[in-house]
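A quick write-up on the structure given underneath.
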Ligand SMILES: Cc1cc2nc3c(=O)[nH]c(=O)nc-3n(C[C@H](O)[C@H](O)[C@H](O)COP(=O)(O)O)c2cc1C
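Numbering (this note's numbering), first residue to last: -2 to 162.
This is the structure we're talking about:
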């Protein structure tokens, strides 16, 4: 698909079909993401792939609001970055996330960016959304997270499967 056509057609996914996203497809997406440029070159980004529905539910609960697409996604990808290798870490994670979104679109997948950085954590917890993510995902010392990419086959892309809902 031409890039112009791809970006014109791309729309965030909010409600995903239950169809699984294969390991092979996730591997392709991560390979594309691994070529994203970053401020100091190098290789500061790692990816956490979450398929466990209960863990995805807990990730959704890590922010007080605005995590709706995680309820339906089949797989969530959390890019994390080594702060010792990146000064412009938010920018680097944003570029990586954009690569993931485009790689998803090329594969007929919906992808929605769930922003966590600077957001409040679970109601009444007194911690931030990213602190909650650190606890849940056991993020290694020195790494930081910013967002979650919620991925699945978009309902709009397969209208013949509407009866699923
Ligand atoms: C930086 C960024 C942060 C976003 N954060 C969230 C979020 O926390 N929760 C959410 O449901 N959607 C989030 N979105 C998705 C947007 O709300 C919205 O779906 C998107 O801008 C519309 O894109 P479309 O052109 O694909 O329809 C975010 C998008 C971007 C680019």
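Glycine included, each C-beta is placed from N, C-alpha and C at the ideal position.
query                                                                                          : result
The alpha helix (DSSP H) enclosing residue 164, as first and last residue numbers              : Since the first residue shown for the chain is -2 and the last is 162, residue 164 is missing from the structure and cannot be characterised.
Collapsed DSSP secondary structure at residue 29 in the structure displayed                    : helix
Three or more C-beta pairs below 8 Å linking the stretch 63 to 80 and the stretch 35 to 48     : yes
Residues near residue 55 by beta carbon distance below 6 Å, same chain, minus five either side : 133
Nearest neighbour of residue 52, chosen from 138, 129, 143 [CA to CA]                          : 129
Backbone CA spacing between residue 0 and residue 100 [nearest angstrom]                       : 11 Å
C-beta contact flag for residue 18 and residue 150 at 9 Å                                      : yes
Residue span of the beta strand (DSSP E) that contains residue 54, given as start and end      : Taken as a continuous stretch (DSSP letters only), residue 54 belongs to no beta strand (DSSP E), being part of the alpha helix (DSSP H) at 50 to 57.
Residue 144 in three-state terms, based on DSSP                                                : strand
Buried or exposed (CB count within 10 angstroms, at least 16 for buried), residue 60           : buried
Three-state class that DSSP yields for residue 23 in the structure shown                       : helix
Any non-hydrogen atom of ligand 1 closer than 8 Å to residue 11 Cβ                             : yes
Limits of the beta strand (DSSP E) - the one that residue 6 falls within                       : Careful: residue 6 lies outside any beta strand (DSSP E), inside the alpha helix (DSSP H) at 0 to 6.
Residue 76, DSSP secondary structure in three states                                           : strand
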